[in-house]
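Contents: one structure, followed by commentary.
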Amino acid sequence: MGDTANAVRAEGDDIGTSQTITPDEVLQRLYAAADGRHLPWLDELAIAAGLRDRCWKCGAMVGIDERCDQCGAVAKEPAVAAVLASLPGPAATRLADQGYRYLIARTADGAGIYLIRDDNGEIADFTAAIHEECVQEGTAAGLNPVYHVHACCNLVSAEEVHWHPVPLPPAHTSPAFVVAQDDPIPFAVDEAALTQWVSRPEDWEGRLPDRAAEAPGDDLSVLVCDALAQHVLTGDPRIDLQVIGDDDSDSAGYRVVLHNKHGDQRLVGITSGWSELDFPADENTALAEAARFHVDQVCTAANSVLAELETSPAPADSLQH
């Protein structure tokens with residue numbers, strides 16, 4: 104011990120009983136003397152002693168209430184406290200009185216979002232677990248879970264200190280998006296083209312969907328594709344009609360999907376959903392009647408989709424409540 108004291112005095116650091124060394128200075132000297140093996144242990148010791156903390160953004164060690172040297176992030180507690188102190192009325196006012204379960208505060212530089220619980224004012228990160236809690240509550244209540252999260256929270260910015268309620272559309276009634284229509288031409292069967300189409304019965308062997316086949320829905324898809332190519336099945340030239348076979352071990356079925364041929368929303372498909380594939384009641388039905396039977400059922404499904412599009416979209420102002 105004496106040798107150590109002499110060495111310190113020899114370097115000019117006169118440590119007397121009257122000299123006060125702050126805990127932070129002690130910590131700085133420990134860090135200066137520590138090697139790589141002891142740094143993790145020293146970090147935990149500094150955190151436990153309340154002398155250091157980890158940066159919420161990058162994880163580097165920072166002084167209490169100090170800006171991080173690594174990433175420049177500011178400490179969250181002062182920023183959030185400033186927001187609370189600037190709110191109208193007492194900062195301790197229960198957020199539930201405002202209709203919110205949580206208050207989310209954003210730091211002045213926008214670097215981080217933090218959660219202040221309404222029950223005890225505890226400051227905590229807005230974690231994925233809390234988000235999931237709100238989502239589960241909304242789902243259990245039959246609400247739109249995303250909007251329910253917004254309903255539970257209120258966003259406050261330290262740059263503009265006032266309440267910022269998140270707009271909440273009525274979760275039960277308002278759609279997330281709407282599809283408008285421009286008076287599309289309904290689908291129909293061209294009689295003359297149909298007659299020409301079935302004029303060569305010898306070419307029709309195995310082409311009609313058969314309930315005993317492995318995939319009748321796929322056969323219907325091929326049949327409709329040919330009917331469109333031969334102009335037997337007509338419709339709006341702006342619409343691309345597709346039939347997708349969807350068979351399983353118990354039943355034969357298909358899906359009708361409509362796409363725009365032009366514009367920016369060609370990838371958006373409107374579907375009738377799954378439809379059971381019907382067959383003529385009489386297995387000996389004439390070729391022309393059987394072909395028309397199958398094309399007609401696709402027309403009916405496609406036109407039902409167009410009919411749904413005639414429903415008026417929700418007014419724009421209904422999405423603001």
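Going by my numbering, the sequence shown opens with residue 104, and the numbers climb by one from there.
Glycine included, every Cβ here is placed at the ideal spot set by N, Cα and C.
Query: Cβ pair count under 8 Å reaching 3, the segment 285-299 against the segment 378-388; Result: no
Query: Among Ala-410, Val-282 and Asp-329, nearest to Leu-311 - alpha-carbon criterion; Result: Asp-329
Query: Boundaries of the alpha helix (DSSP H) in which Glu-147 is found, first to last residue; Result: 142-151
Query: Local conformation of Ser-302 per DSSP, three classes; Result: coil
Query: Assigned secondary structure, Leu-370 (DSSP; H/G/I helix, E/B strand, else coil); Result: coil
Query: Helix, strand or coil at His-397 [DSSP, three-state]; Result: helix
Query: Same chain only: Cβ atoms within 7 Å of Asp-156, ignoring 5 sequence neighbours per side; Result: Ile-150, Val-165 and Ile-167
Query: Buried/exposed call for Gly-338, threshold 16 Cβ in 10 Å; Result: buried
Query: Ile-342 and Leu-361 closer than 7 Å at C-beta; Result: yes
Query: Reduced DSSP secondary structure (H/G/I, E/B, other) of Gln-131; Result: helix
Query: Buried/exposed call for Glu-413, threshold 16 Cβ in 10 Å; Result: exposed
Query: Contacts around Leu-336, its chain only, beta-carbon distance under 6 Å, and the 5 residues preceding and following it disregarded; Result: Ala-330 and Val-398
Query: Beta-carbon separation (whole angstroms), Ala-318 vs Asp-350, contact threshold 8 Å; Result: 5 Å
Query: Local Cβ density within 10 Å of Arg-395, reported as buried at 16 or more and exposed below that; Result: buried
Query: Closer than 6 Å: Arg-314 CB and nearest the ligand HEM heavy atom; Result: The model on display carries no ligand, and the ligand HEM is accordingly not part of it.
Query: Residues near Asp-321 in its chain [Cβ-Cβ closer than 6 Å; skip 5 each side]; Result: Gly-348
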